[in-house]
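Everything on this sheet refers to the single structure shown next.
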Ligand code: AMP
Ligand code: ZN
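In my numbering, the protein residues as written are 921 to 1388.
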């Protein structure tokens, strides 16, 4: 059996059949650049990174497109409140986004189209919808008439009779109960300030949903293979994308819709609006390792909710340390006598890894396959040492897994961990000097969950790694 994905559109796992053999067109909804992304957003981007990397591992060529939403209610409000241009305002968050991608080893997409540089494509699409009679003008704005699209609601599972016909909505994010005709083009009003485009549709700016339809079809064609996003994007955003695209082209828009579940904090979705979020920088400033954040965000199946905890990230670092120590030991080994014992171990691991990820990216058994391989190979190394050929076979398998997971090889900065421990020990000494014993204990506990044991001696604090 080949690769299976859970397709939200049909609510079942389906065999993945690309439109063109060996090639995948993948669209992933990107950040709205009105603020720094939080790690809930990165759960979505890391899931998409896993998907893309795995398709490459399985030999597909992939074109991945991720939009940057730089025109929407929030970016416009942000730049006008600050009294700066939209471009100036969004640049800070675009730059920060790319920096975070690199820190989390999220591979770059093929294209990152921005809404501001694709106005023409959006205007053309709205014109097609007007020509077809599914869009209509109301004042200076243009709306999509959802009752004209019989499949409206299919993706998110709403029934058309639940929709209030004739109601209109200008806000870009809204609740299910308020499903209504949505804005394709918003005529300029005073709140928009200097943010507008003079186009054939009038003076104004595109709605959020049309951005993704126009940009995905420009780079991937009118029908493409996979579209991803978090479950919160299913309605109204993706529902509206389908309605716009399919009404304009008369063709199926997307064959497979994949949605990731949310990253939660104490039972609630991590979101700006709940003020319960962490940015990647917040976590790094608190001493967490970015690869441990990546590990935590990947290690739970993408369709399961994941509760964020600091303990979880610290435990992840201990697992990573095991992988990194192993990789380094393999690299440094020489002159052993394993004589062909490794081939069957790596082969079994690769088979298990592939069959797990083929099954809708079932990550837990895939990770287990990697750790089982480490354990079995460690035994061989301890008993007889690695032959040169076996060393090559093992490194090749590890590099293959690393191409998908991106945390199997020790990062260049692995040494920094030691420096980080020293820094935290100093912070603990300072806390104790200031009689802040609570903070001192917190630091000790944090280090302990990372597998670091502290020992206070007369000549200062010493540390050692817990041996498992
Ligand atoms: P936004 O910038 O709000 O448009 O979101 C960018 C991506 O992050 C979308 O795919 C969202 O569905 C996703 N997302 C937002 N919050 C979370 C969360 N707490 N957990 C997982 N994904 C999220
Ligand atoms: Zn989108």
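Just so you know, even glycine gets a beta-carbon here, dropped at the ideal spot from N, CA and C.
Boundaries of the alpha helix (DSSP H) harbouring residue 1016: 1006 to 1023, taken from the DSSP string. Contact between residue 1215 and residue 1181 is absent: CB atoms are separated by about 18 Å, not below the 8 Å threshold. Scanning the stretch 1109 to 1153 for uninterrupted beta strand (DSSP E) segments of 3 residues or longer gives 1117 to 1119, 1122 to 1126, 1144 to 1150, listed from N- to C-terminal end. Cβ-Cβ separation between residue 1227 and residue 1184: approximately 5 Å, consistent with a contact (criterion under 8 Å). Between residue 1144 and residue 1168, the alpha-carbon positions lie close to 15 Å from each other.
Shown in chain order are the residues whose CB sits closer than 5 Å to a heavy atom of ligand 2: 949, 1132. In the DSSP assignment, the residues bridged to residue 982 are 944. The C-alpha of residue 1035 is placed about 13 Å away from the C-alpha of residue 1139. Distance from residue 1006 to residue 990 at the Cβ level is roughly 7 Å; contact confirmed, criterion being Cβ atoms closer than 8 Å. An exposed status is given to residue 1267, since fewer than 16 other beta-carbon atoms sit within 10 Å of its beta-carbon. DSSP links residue 924 through a beta bridge to 935, 1279.
Here the C-alpha atom of residue 1363 lies approximately 30 Å from the C-alpha atom of residue 1284. Around the CB of residue 1368, fewer than 16 other CB atoms lie within 10 Å, so the residue is classed as exposed. Between the stretch 947 to 959 and the stretch 981 to 997 there are three or more inter-stretch CB-CB distances shorter than 8 Å, so the stretches are counted as touching.
Only residues of its own chain outside the window of five on either side were considered, and among them 923 have a CB closer than 7 Å to the CB of residue 978, listed in chain order. Note on residue 1254: under 16 other CB atoms within 10 angstroms of its CB, so exposed under the neighbour-count rule.
Placement of the Cβ of residue 972 at a distance of 7 Å or more from every heavy atom of ligand 1 is found. With distances taken between CA atoms, residue 1151 lies nearest to 965 out of 965, 1314, 1249. At least one heavy atom of ligand 1 is found less than 7 Å from the C-beta of residue 1183. With 16 or more other Cβ atoms inside 10 Å of its own Cβ, residue 925 counts as buried. Separation of the CB atoms of residue 1046 and residue 971 is rounded to 31 Å, and the pair is thereby denied contact status at 8 Å. Counting only the Cα atoms, residue 1289 lies some 12 Å from residue 1317. Nearest in C-alpha terms to residue 1270, of all of 940, 1321, 941, is 1321. With a cutoff of 7 Å, residue 951 counts as near ligand 1, since its C-beta is closer than that to a heavy atom of the ligand. Per DSSP, the continuous alpha helix (DSSP H) segment holding residue 1360 begins and ends at 1357 to 1369.
Between residue 1256 and residue 1306 a beta carbon distance of about 4 Å is seen, short of the 8 Å cut, so the two are scored as contacting. In this structure, residue 1054 places its C-beta atom within 8 Å of the C-beta atom of residue 1068. Residue 1212 and residue 1237 do touch by the CB rule: their CB atoms are close to 4 Å apart, below 8 Å. Listed in chain order, the non-local C-beta contacts of residue 1135 below 6 Å within the same chain comprise 987, 1033, 1038, local neighbours out to five positions each way being set aside. Judged by DSSP secondary structure, residue 1374 falls within the beta strand (DSSP E) whose first and last residues are 1372 to 1377. Annotation: residue 1247 to residue 1205 spans about 27 Å, alpha carbon to alpha carbon. Taking a 10 Å sphere around the C-beta of residue 1073, we find 16 or more other C-beta atoms and assign the residue as buried. Closest in alpha carbon position to residue 1263, among 1279, 1219, 1314, 1218, is 1314. In the structure shown, residue 1181 falls within a coil segment according to DSSP collapsed to helix, strand and coil. Taken through DSSP and simplified to helix, strand or coil, residue 1313 comes out as helix.
The residue from 956, 963, 941, 1171 with its alpha-carbon nearest to that of residue 1192 is 956.
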